[in-house]
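S.K.:
Numbering (the numbering used here), first residue to last: 460 to 731.
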């Protein structure tokens, strides 16, 4: 069972959910606790909550217990206003400014998030949304406290894009294709360096089939520690096999710490 969740106050998440409901002709059910909207199928549940997605710390308790992992349907905001379809995992390397706990990461789901990324690229190209960037985002914001793996899939980056029905259909179709064929044989990887939109890591996801769990961007390297790297390695649905480091983003002391952890956990390391 897969748990899909969204905020009923979010036009992007609600629009994606509506597309999925209409595609499957879903009917309301009562399986979700304290949900504003709830729809059930044989292999997934779709739950809409009043709270903002940053504060979905309650999914373990409000979504049916047989759920194996969660996919959150959401908007994405950026000051630059870049049109985008993004995926990412959640957590706070430092202080928790936007939900979750400080210095705490959620459980990542590399194969799921990577498969969604690939599908977003395919479907956006089929629908001629060629001016949209399809990329990973670095790990950021809450929630952090759910025990099951969690992925975000988002429409960015302004109200115009959030309300666009074609965008709802692109992300909705990506989720539907995933639900019907979730298998993904990829190389579980964690990443260091790059911007909030770590384009080099995204390129490698497309070119080398690396499926990323947590990605620590350049601006978060001030919080780099053995404890954080241990979370990046251990808080994931599948054990990482590989580490990718964007060399120009890191200092010598960063690389030494990462190499020490890679050796400890028998992970290969690649500098780009």
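All C-beta atoms in this analysis are idealised placements derived from N, C-alpha and C, irrespective of residue type, glycine included.
Note that the structure is predicted; figures quoted are calculated from it, not measured.
Are there 16 or more other CB atoms within 10 angstroms of the CB of residue 618, so buried, or fewer, so exposed?
M.R.: exposed
S.K.: Can you list, in chain order, the residues of its chain whose CB lies under 8 Å from that of residue 692, leaving out five sequence neighbours each side?
M.R.: Its chain contains 649, 698, 699, 720, 724 and 726 as the residues whose beta carbon lies nearer than 8 Å to that of residue 692, once the 5 sequence neighbours on both sides are disregarded; these appear in chain order.
S.K.: Considering only C-alpha positions, which residue in the set 514, 689 and 632 is nearest to residue 557?
M.R.: The shortest C-alpha to C-alpha distance from residue 557 to any of 514, 689 and 632 is the one to 514.
S.K.: Which one of 489, 474 and 529 has the shortest CA to CA distance from residue 570?
M.R.: 529
S.K.: Look at the Cβ atom of residue 597, then the Cβ atom of residue 674, and state whether they are nearer than 7 Å.
M.R.: Contact flag set, yes.
S.K.: For residue 472 versus residue 526, is the C-beta distance shorter than 7 Å?
M.R.: Cβ atoms of residue 472 and residue 526: not closer than 7 Å.
S.K.: How big is the Cα-Cα spacing for residue 634 and residue 575?
M.R.: When rounded, the distance between both Cα atoms is 7 Å.
S.K.: Pull up the distance between the alpha-carbon of residue 521 and that of residue 608, whole angstroms please.
M.R.: Take the alpha-carbon of residue 521 and the one of residue 608: they are about 15 Å apart.
S.K.: If we count the other Cβ atoms within 10 Å of its Cβ and call it buried at 16 or more, is residue 620 buried or exposed?
M.R.: With 16 or more Cβ atoms within 10 Å of its Cβ, residue 620 is classed as buried.
S.K.: With a cut-off of 8 Å on the beta carbons, I'd call residue 488 and residue 478 a contact; round off their distance for me.
M.R.: Between residue 478 and residue 488 the Cβ distance is about 18 Å, and since that is not below 8 Å, they are no contact.
S.K.: Using 7 Å as the threshold, is the C-beta distance between residue 664 and residue 573 below it?
M.R.: Going by C-beta atoms, residue 664 is nearer than 7 Å to residue 573.
S.K.: So, residue 432 versus residue 677, is the Cβ gap smaller than 7 Å?
M.R.: Residue 432 falls outside the range modelled here, since the chain spans only 460 to 731, and no answer is possible.
S.K.: Out of curiosity, what's the CA-to-CA distance linking residue 685 and residue 710?
M.R.: 16 Å
S.K.: Could you tell me how far apart the beta carbons of residue 544 and residue 583 are, in whole angstroms, since I believe they sit closer than 8 Å?
M.R.: Between residue 583 and residue 544 the Cβ distance is about 6 Å, and since that is below 8 Å, they are a contact.
S.K.: Candidates 578, 695, 730 and 605: which alpha carbon is nearest residue 432's?
M.R.: No answer is possible for residue 432: it lies beyond the span of the chain, which begins at 460 and ends at 731.
S.K.: For residue 572, does the three-state DSSP call read helix, strand or coil?
M.R.: Assigned with DSSP and collapsed to three states, residue 572 falls in helix.
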